[in-house]
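Colleague: Below: one structure in structure tokens.
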Amino acid sequence: MPESIQQAYRDRAVWYLEKWIGVPYVWGGDDFSAFDCSGVVVEVFKGIGIFKEGEDYTADGLYHLTKSGELDPPLGPYKGCLIFWFNPLTERAVHVAMMTDSYFLIHASGGGSGVLSVLDAIKKNAFVKMREFKKVAKFRKENYGQYCKITDPFNELVGWV
Numbered sequence: 018m019p020e021s022i023q024q025a026y027r028d029r030a031v032w033y034l035e036k037w038i039g040v041p042y043v044w045g046g047d048d049f050s051a052f053d054c055s056g057v058v059v060e061v062f063k064g065i066g067i068f069k070e071g072e073d074y075t076a077d078g079l080y081h082l083t084k085s086g087e088l089d090p091p092l093g094p095y096k097g098c099l100i101f102w103f104n105p106l107t108e109r110a111v112h113v114a115m116m117t118d119s120y121f122l123i124h125a126s127g128g129g130s131g132v133l134s135v136l137d138a139i140k141k142n143a144f145v146k147m148r149e150f151k152k153v154a155k156f157r158k159e160n161y162g163q164y165c166k167i168t169d170p171f172n173e174l175v176g177w178v
């Protein structure tokens with residue numbers, strides 16, 4: 018697929034994702050009232066028209082759908098890349114975010130499985146947020162022992178569209 022088309026999808030995905038900043042985080046949330054981490058990413062894919070029905074859209078499921086576009090660590094992330102954090106004991110992806118550029122990401126975070134309502138989200142400051150990638154990666158490593166992998170879901174749009 019020509020680079021210009023991939024870049025157009027990346028640009029549109031980030032533009033759309035930015036619209037969701039401030040929406041509450043709710044575990045399992047996948048609609049306009051509240052999202053969890055994978056729910057907001059899936060909404061972005063739906064919004065830009067590269068969504069396939071019937072797939073596993075957990076963080077781990079999204080990783081397996083996009084891992085063919087996995088980047089070598091020296092490349093680092095860039096606009097539109099997905100960042101997946103893994104539980105080191107299970108080797109499963111437990112969190113996902115999208116890069117807005119080479120430095121910042123947007124993700125639904127702040128609560129985990131205990132946030133089951135918008136009221137819970139408000140109490141725990143759990144929302145769709147923009148943060149610095151390196152700080153989030155450091156926090157998740159130090160507090161949860163998680164490591165991350167980077168994929169570019171726009172490398173192979175054929176099959177998604």
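With the sequence shown counted from 1, adding 17 to any position gets you my numbering. Think of the CB as a built atom: it goes at the ideal place given N, C-alpha and C, for glycine as much as any other residue. Please read these numbers as outputs of a predicted model, since none were measured by experiment.
I believe G129 touches W44 by the beta-carbon criterion, under 8 Å. Please report the beta-carbon distance rounded to the nearest angstrom.
Modeller: With a Cβ gap of about 7 Å, G129 and W44 count as contacting.
Colleague: Could you tell me the alpha carbon to alpha carbon distance between N142 and G127, rounded to whole angstroms?
Modeller: The straight-line gap from Cα to Cα measures roughly 6 Å.
Colleague: Would you grab the beta carbon distance between Y42 and V132 for me? Rounded to a whole angstrom, and I think it's under 8 Å.
Modeller: Rounded, the Cβ-Cβ distance is 6 Å, consistent with contact.
Colleague: What residue range does the alpha helix (DSSP H) around Y80 cover?
Modeller: From DSSP, the alpha helix (DSSP H) with Y80 extends over A76 to T83.
Colleague: Which class does S119 belong to by DSSP, given the choice of helix, strand or coil?
Modeller: Coil.
Colleague: Where DSSP assigns a beta bridge to E87, which residues make up the other side?
Modeller: Paired residues: T168.
Colleague: Do you know offhand how far E149's Cα is from L122's?
Modeller: The alpha-carbon atoms of E149 and L122 are separated by roughly 6 Å.
Colleague: Apart from the five residues just before and just after I65, which ones in its own chain have a Cβ nearer than 7 Å to its Cβ?
Modeller: Closer than 7 Å at Cβ, skipping near neighbours: Y26, R29, A30 and Y33.
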